[in-house]
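Notes follow once the structure below has been shown.
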Ligand code: MN
């Protein structure tokens, strides 16, 4: 049987499960909040054009108001100044948007310490147990933060010292960008960087190093607990916005049962 035929039969028959890793998009979907004097993105919003009424008796449709970086979204290299000569979302090769994924679960550590940071040693210890990170694939970083995704305040977890959400150390971000074979990282938090990453050296190291290396980011993922540690395939295609720095994205994982 052809590979595609067996894929379709596997999905229909249930031996391949399709797991949705996407947060639903509503006007309550948490969004990043930068302090003054920085600009901010808008919440997602539907604006009704007609709903089976005199504006359109037989049809319902909306305009959408959204940022590129709203909800579950894709960060393209051009999003960061270090990647300003790199790809925008429309330029990412389609074949890179279907890729293997591995899950590194540090939800227990993040539950104990919301400022928990993934270090190089954590990743190399994981590799000793599970094998090398996938070539051209995603490192999905599970922190359990998706449990907070329905509440903006708990999700951003900010106090007078700024947001406190788990992330990746500057050294590890650099290592993942320059020394590892992954195409990017996927996280459950509002952005790929830790809440406190504004004060790291460099600031926002995941953005700085990974996007600067032509790699990608996926954010606000959920259901990572339903994926195997290795072996899933992730489909994460951003909209082909010409010049776009990011895009809301529906992220699906194929998992063999
Ligand atoms: Mn982003």
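Numbering (our numbering), first residue to last: 854 to 1110.
C-beta: ideal position from N, C-alpha, C; glycine also.
Note that this is a predicted model, so its numbers are computed, not measured.
- Within the segment 968-1032, complete alpha helix (DSSP H) segments of at least 4 residues are found at 973-983, 1005-1009 and 1023-1031, given in chain order.
- Per the C-alpha coordinates, the member of 931, 954 and 897 positioned closest to residue 943 is 931.
- Around the ligand MN, the residues whose beta-carbon falls short of 5 Å from at least one of its heavy atoms are 922, 928 and 1099, given in chain order.
- The alpha-carbon of residue 985 is positioned some 16 Å away from that of residue 958.
- In this structure, residue 1089 lies near residue 1102, with their beta-carbon atoms less than 9 Å apart.
- Within the same chain, 880 and 918 come within 6 Å of residue 898 by CB-CB distance, once the 5 residues on both sides are set aside.
- Each of 884, 1064 and 1002 was checked against the Cα of residue 1098, and the nearest Cα belongs to 1064.
- By the 16-neighbour rule on beta-carbons within 10 angstroms, residue 1106 is buried.
- When C-alpha distances from residue 1094 are compared across 885, 859, 1002 and 945, the shortest belongs to 945.
- An exposed status is given to residue 1081, since fewer than 16 other beta-carbon atoms sit within 10 Å of its beta-carbon.
- Per DSSP, the continuous alpha helix (DSSP H) segment holding residue 864 begins and ends at 856-866.
- Taking all protein chains shown into account, residue 1010 has 16 or more neighbouring C-beta atoms within 10 Å of its C-beta and is therefore buried.
- The segment 922-937 makes no contact with the segment 969-988; the number of CB pairs closer than 8 Å stays below 3.
- For residue 1050 and residue 987, the gap between their C-alpha atoms comes out near 26 Å.
- When the five nearest sequence neighbours on each side are left out, the beta carbons in the same chain lying within less than 6 Å of the beta carbon of residue 909 are those of 903, in order along the chain.
- CA-to-CA, the gap between residue 1018 and residue 865 works out to about 38 Å.
- When the five nearest sequence neighbours on each side are left out, the beta carbons in the same chain lying within less than 8 Å of the beta carbon of residue 911 are those of 905, in order along the chain.
- Between residue 926 and residue 982, the alpha-carbon positions lie close to 30 Å from each other.
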